Amino acid sequence: MMSGRDNPQNDPDANAGGSGKGPHQPDGSRQPNTRGRRTGPHAASGSSPTAAEQKPPEKWFGGLGQLDFDLDFFEKLLVRNHDSVEVLRVLAELVSQKGLLKRAVELDRRLVEVLPNDFLARYNLACSLARAGRPEEAIDALTRAILLGYDDLAHLEVDPDLDSLRENPDFRELLGHGQVS
Numbered sequence: 740m741m742s743g744r745d746n747p748q749n750d751p752d753a754n755a756g757g758s759g760k761g762p763h764q765p766d767g768s769r770q771p772n773t774r775g776r777r778t779g780p781h782a783a784s785g786s787s788p789t790a791a792e793q794k795p796p797e798k799w800f801g802g803l804g805q806l807d808f809d810l811d812f813f814e815k816l817l818v819r820n821h822d823s824v825e826v827l828r829v830l831a832e833l834v835s836q837k838g839l840l841k842r843a844v845e846l847d848r849r850l851v852e853v854l855p856n857d858f859l860a861r862y863n864l865a866c867s868l869a870r871a872g873r874p875e876e877a878i879d880a881l882t883r884a885i886l887l888g889y890d891d892l893a894h895l896e897v898d899p900d901l902d903s904l905r906e907n908p909d910f911r912e913l914l915g916h917g918q919v920s
């Protein structure tokens, strides 16, 4: 029977090759394995570095906020995977959050081209169009989403992306409320 120490996976000094020998310096001497261990001036005391000693998060992203970082990342992914439904969906959501409405409409239109019978793609296109100030196209996309199977009419009534359509008679008719008096 093998003990936990005999298993290379449980050996903290084992390298990736599983030889059981730890990392070596160029001169052949062993380098201590510090992975997962605290090192540096605060290691012995157990204290944490002060806020002034830590690198601020914006240094990690080159001054970008998380949303900007994600946008840049998914734009680069889209260049490599221009037909990826997953990348298109995530990127469309991110640009919408950022308020890049023209880009959101472009991406949602691409999704509809790739997935013409997907009611969620049509619904998201309608939301982007409504936010971009294109009510007729938004109502048309909503109508098509419903015809394709979108059935959460209660959500339509409260979705903030559709606020610009609330008093539109065509929108109210779509919801079954008829004309506004």
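For the sequence shown, this note's numbering assigns the number 740 to the initial residue and increments by one for each residue that follows.
Here a beta-carbon is modelled for each residue, glycine too, at the ideal position from N, C-alpha and C.
Predicted, not measured: the structure shown is a model, and the values here were computed from it.
Coarse secondary structure for residue i, derived from DSSP in three states
{"i": "Pro-874", "result": "helix"}
{"i": "Leu-827", "result": "helix"}
{"i": "His-894", "result": "helix"}
{"i": "Tyr-889", "result": "coil"}
{"i": "Asp-900", "result": "helix"}
{"i": "Leu-864", "result": "helix"}
{"i": "Arg-905", "result": "coil"}
Environment of residue i [buried if 16+ CB atoms lie within 10 Å]
{"i": "Asp-822", "result": "exposed"}
{"i": "Val-844", "result": "buried"}
{"i": "Asp-847", "result": "buried"}
{"i": "Asn-863", "result": "buried"}
{"i": "Leu-886", "result": "exposed"}
{"i": "Val-826", "result": "buried"}
{"i": "Ala-893", "result": "exposed"}
{"i": "Arg-828", "result": "buried"}
{"i": "Arg-849", "result": "buried"}
{"i": "Arg-883", "result": "buried"}
Own chain, CB closer than 8 Å to residue i, minus 5 neighbours either side, in chain order
{"i": "Ile-878", "result": "Ala-865, Leu-904, Asn-907, Asp-909, Phe-910 and Leu-913"}
{"i": "Arg-842", "result": "Val-834"}
{"i": "Val-919", "result": "In this prediction, Val-919 scores a pLDDT of 37, lower than 50, which makes its location untrustworthy; no coordinate-derived value is stated."}
{"i": "Leu-898", "result": "Note on residue identity: the sequence assigns Asp, not Leu, to residue 898. So the list reads Cys-866, once near-sequence residues are dropped."}
Proximity winner among the options, relative to residue i (alpha-carbon distances)
{"i": "Ala-871", "options": "Asp-811, Arg-861, Ser-835 and Ile-885", "result": "Ser-835"}
{"i": "Pro-855", "options": "Val-824, Lys-841 and Leu-895", "result": "Val-824"}
{"i": "Pro-874", "options": "Asp-902, Leu-850 and Leu-859", "result": "Asp-902"}
{"i": "Asp-857", "options": "Glu-876, Leu-881 and Glu-896", "result": "Leu-881"}
Own chain partners of residue i with C-beta closer than 7 Å, once the 5 adjacent residues on each side are dropped
{"i": "Asp-900", "result": "Cys-866, Ala-869 and Arg-870"}
{"i": "Leu-840", "result": "Ser-867, Arg-870 and Ala-871"}
Other residues of its chain near residue i: CB distance less than 6 Å, five sequence neighbours each side excluded
{"i": "Ala-860", "result": "Leu-850, Val-851 and Leu-854"}
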